[in-house]
Amino acid sequence: MNSRTPARFPYIPPPELGGELRIPVAIVGAGPVGVACAIDLALHGVQAVVLDDNDTVSTGSRAICYAKRTLEILDRLGCAETITGRGVCWNVGKVFHRDRLAYQFDLLPEGGHKHPAFVNLQQYLLEEAMLARLQAVGGEVRWKNRVAGAAPDADGVTLSVETPDGTYRVRADWVIACDGARSPMRDYLGLDWQGQIFRDRFLIADVRMVGDYPTERWFWFDPPFHPNQSVLLHRQADDVWRIDFQLGWNADPDEERKPERVIPRIRAMLGDDRPFELEWVSVYTFQCRRLDRFVHGRVIFAGDAAHQVSPFGARGANSGIQDADNLCWKLARVVRGEAAPALLATYDVERVAAADENILNSTRSTDFITPKSTMSRVFRDAVLDLSVKHAFARRLVNSGRLSMPATYRESALDTPDTDAFVSVLVPGSPASDAPVRIDGHLGWLLDRVGGASAVLYFMAADRSADLERLLQHAGEIRVVVVVPAGGGALGGGGVAVVEDIDGLVARRYGAAPGTIYLLRPDQHIAARWRRWDAQAFERAVARSTGRQEVTAHAA
Amino acid sequence: MRLETEPNIPAPDDFYQALIDAHAGLDDQRSAALNARLVLLLANHVGDLEALREAIALARDGL
Numbered sequence: 006m007n008s009r010t011p012a013r014f015p016y017i018p019p020p021e022l023g024g025e026l027r028i029p030v031a032i033v034g035a036g037p038v039g040v041a042c043a044i045d046l047a048l049h050g051v052q053a054v055v056l057d058d059n060d061t062v063s064t065g066s067r068a069i070c071y072a073k074r075t076l077e078i079l080d081r082l083g084c085a086e087t088i089t090g091r092g093v094c095w096n097v098g099k100v101f102h103r104d105r106l107a108y109q110f111d112l113l114p115e116g117g118h119k120h121p122a123f124v125n126l127q128q129y130l131l132e133e134a135m136l137a138r139l140q141a142v143g144g145e146v147r148w149k150n151r152v153a154g155a156a157p158d159a160d161g162v163t164l165s166v167e168t169p170d171g172t173y174r175v176r177a178d179w180v181i182a183c184d185g186a187r188s189p190m191r192d193y194l195g196l197d198w199q200g201q202i203f204r205d206r207f208l209i210a211d212v213r214m215v216g217d218y219p220t221e222r223w224f225w226f227d228p229p230f231h232p233n234q235s236v237l238l239h240r241q242a243d244d245v246w247r248i249d250f251q252l253g254w255n256a257d258p259d260e261e262r263k264p265e266r267v268i269p270r271i272r273a274m275l276g277d278d279r280p281f282e283l284e285w286v287s288v289y290t291f292q293c294r295r296l297d298r299f300v301h302g303r304v305i306f307a308g309d310a311a312h313q314v315s316p317f318g319a320r321g322a323n324s325g326i327q328d329a330d331n332l333c334w335k336l337a338r339v340v341r342g343e344a345a346p347a348l349l350a351t352y353d354v355e356r357v358a359a360a361d362e363n364i365l366n367s368t369r370s371t372d373f374i375t376p377k378s379t380m381s382r383v384f385r386d387a388v389l390d391l392s393v394k395h396a397f398a399r400r401l402v403n404s405g406r407l408s409m410p411a412t413y414r415e416s417a418l419d420t421p422d423t424d425a426f427v428s429v430l431v432p433g434s435p436a437s438d439a440p441v442r443i444d445g446h447l448g449w450l451l452d453r454v455g456g457a458s459a460v461l462y463f464m465a466a467d468r469s470a471d472l473e474r475l476l477q478h479a480g481e482i483r484v485v486v487v488v489p490a491g492g493g494a495l496g497g498g499g500v501a502v503v504e505d506i507d508g509l510v511a512r513r514y515g516a517a518p519g520t521i522y523l524l525r526p527d528q529h530i531a532a533r534w535r536r537w538d539a540q541a542f543e544r545a546v547a548r549s550t551g552r553q554e555v556t557a558h559a560a
Numbered sequence: 021m022r023l024e025t026e027p028n029i030p031a032p033d034d035f036y037q038a039l040i041d042a043h044a045g046l047d048d049q050r051s052a053a054l055n056a057r058l059v060l061l062l063a064n065h066v067g068d069l070e071a072l073r074e075a076i077a078l079a080r081d082g083l
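Residue numbers (the working numbering), protein chains in the order written: chain A, 6 to 560; chain B, 21 to 83.
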């Protein structure tokens, strides 16, 4: 059931029919992860093509919540403005138990961030915005080009591609497989895909209505209108609401998706006779699982093709876009011959660890929402009962631990601290945003950092010689000089200067004059020091970029 | 061991009676709820995850 007609994209007969397209990178799947990869590679100047078996954006209920870090990545890719403008921002969540409000939470108590904690937007609208951006940066999607087989070898991958007009081959040096939870690419490579199946079924209804519900996430445990099960209500754009009913394992999926079954459930939840229209209904089960490894020679898996989680916590699409963020700068360096393919092993290590973190969190949420034993249910209800009066119990309520970006702890790319820092940031953390003034205009730190290796240098008035030396060693690395409020005149000489107007940059980075942060192109922290040390800097830069010795590539 | 297993309650009989009295008049379902609330309140009071893990292991021993 779908009352909305999704955008269709033109199929163009490929010029290589019956022959072969040669390309550095082929991306399988034009979902949010594949398109994020395509935009990022285009920004890095790497030629890539996206192959998709369909000719539309996704239909129906898929991802709806995009977390702050994902919005920062989409901003770097150049499409956050459309998405935030189109979507619904929310910070407040309410948890109900039986017939009463147990408690409520506010996700973003801290100000001074460009992006909100979450933006809700239907996945098809996210995809439309991303595809528009891909077109603007000159990327290519080939619709109705189905990858029917993959033959990898040591130097690349040969894909057989089927179109309405016949077949052709794509010979790619690298393939990124973003072809979703049912990934045919996984099958072509014969990869094992085992995991934990949750014995529960959920009904998703996307409902269009003019409601006076506030823009908040509402989660009910055991409500009177749906006894013994949970219900989730979430707002999306254009007066569309996501309602998620837990049904139990014994529910009949074919029966439950019939409007005559769905409408009374929604009616009971609304408790009145306001008009509404069903935009989408489906019944789903879910699994938590991942591939053992995400990098298989020249084929690299990302998004749902690599890992799957339960929907509680909004960790699917968010982690997929963070995969793309982690992968593309590395792949670009390898394709350009600036780094050995070994750099891609760090994608595997870093994103496998992130997937494990997401699977752990989502499994714990599921165990709370769907207790597996009588005593598990007794404890769950005890937590909810205590949460009404006791703050400690609220910390135990788990209706979904909402997506947080992974910190790449002990990554081979990061340099452990040798100096002391008082900051929540550590090597491997994503860099924090903060408000700054740039050339007299208010702006944001991460906009200035962008998508290349970068250095933040906290200006010390008495150490301008350090900045000179830093600039001599920086080479291709973007240097951003952070000056205190009112210190705009300290910069100059063709260097990007940002004024720390509220002191939040220094506070969030635990920085003093002379502090230096080295950031990776995905804006994660690679290294930091209290004072300039040329040798340490050179080593950290080489380490963070997987820089290949020129001699090793001479052949 | 971070968990105190040596005698630590000054009036053990008073504690035990208070515990049993708390269950008076409750059916099994409500008694189970009381025990669960009690475990959660006391666990928060202890706070030390290592001590809690030791307590969980000791309680599980032999079952």
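C-beta: ideal position from N, C-alpha, C; glycine also. This structure is a prediction, so every number in the text was calculated from the model and none was measured.
The contact set of residue 64(B) on chain A, defined by CB atoms closer than 7 Å, consists of 397 in chain order. The beta carbon of residue 385(A) is closer than 8 Å to those of 226, 373, 376 in its chain, skipping five residues each way along the sequence.
In terms of beta-carbon proximity, residue 23(B) stays away from the interface with chain A, with every pair separated by 8 Å or more. Closest in C-alpha terms to residue 243(A), from the list 284(A), 209(A), 197(A), 359(A), comes 284(A). Taking a C-beta distance under 8 Å as the contact criterion, residue 404(A) and residue 100(A) qualify as a contact pair. For residue 277(A), the secondary structure class from DSSP, reduced to helix, strand or coil, is coil. Within chain B, no C-beta atom comes less than 7 Å from the C-beta of residue 365(A); the nearest is roughly 16 Å away. Annotation: residue 142(A) to residue 333(A) spans about 15 Å, alpha carbon to alpha carbon.
Per DSSP, the unbroken beta strand (DSSP E) holding residue 449(A) starts and ends at 446-449. Using a Cβ-Cβ cut-off of 7 Å, residue 178(A) is close to nothing in chain B; its nearest Cβ partner there is about 48 Å away.
Residue 108(A) has 100(A) as its beta-bridge partners, per DSSP.
Note: residue 534(A) is bridge-paired with 521(A) in the DSSP secondary-structure output. The CB of residue 384(A) comes closer than 8 Å to the CB of 56, 59, 60 in chain B, given here in chain order.
Between residue 27(A) and residue 176(A) a beta carbon distance of about 5 Å is seen, short of the 8 Å cut, so the two are scored as contacting.
For residue 156(A), the closest alpha carbon among the candidates 516(A), 24(A), 549(A), 302(A) is that of 302(A). In this structure, residue 360(A) lies away from residue 184(A), with their beta-carbon atoms at least 8 Å apart. DSSP lists 462(A), 502(A) as the beta-bridge partner residues of residue 486(A). At a C-beta separation below 7 Å, residue 388(A) has these neighbours in chain B: 60. Taken in chain order, the members of the region 39-54 of chain B whose beta-carbon sits within less than 9 Å of a beta-carbon on chain A are 49, 52, 53, 54.
Beta-carbon to beta-carbon, residue 146(A) and residue 14(A) are separated by about 7 Å, close enough to satisfy the 8 Å threshold. Cβ neighbours of residue 318(A) within its own chain (closer than 8 Å, five residues either side excluded): 363, 366, 367, 370, 405, 406, 407, 408.
At the C-beta level, residue 523(A) and residue 460(A) come within 8 Å of one another. Think of a sphere of 8 Å around the beta carbon of residue 391(A): the chain B residues whose beta carbon falls inside it are 57, 60, 61, in chain order. As the crow flies, the alpha-carbon of residue 286(A) is around 7 Å from that of residue 208(A). Closest in alpha carbon position to residue 136(A), among 353(A), 85(A), 382(A), is 85(A).
The three-state secondary structure of residue 221(A), taken from DSSP, is coil.
Ranked by Cα distance from residue 451(A), the first of 444(A), 541(A), 435(A) is 435(A). Residue 289(A) carries a strand assignment under DSSP once its states are collapsed to helix, strand and coil. By the Cβ-count criterion, residue 37(A) is buried, with 16 or more other Cβ atoms from all chains shown falling within 10 Å of its own Cβ. If you look at residue 69(A), you'll find it isn't in any alpha helix (DSSP H); DSSP assigns it neither H nor E.
Straight across, the Cα-Cα distance linking residue 442(A) with residue 356(A) is about 34 Å. Residue 17(A) holds the alpha-carbon nearest to the alpha-carbon of residue 58(A) among 203(A), 48(A), 17(A), 344(A). Under DSSP, residue 117(A) takes part in no beta bridge, so it has no partner. It is roughly 7 Å from the alpha-carbon of residue 181(A) to the alpha-carbon of residue 30(A). Residue 306(A) counts as buried, since at least 16 other C-beta atoms from the protein chains shown sit within 10 angstroms of its C-beta.
If you compare the alpha carbons of 224(A), 189(A), 210(A) with that of residue 269(A), the shortest gap goes to 210(A).
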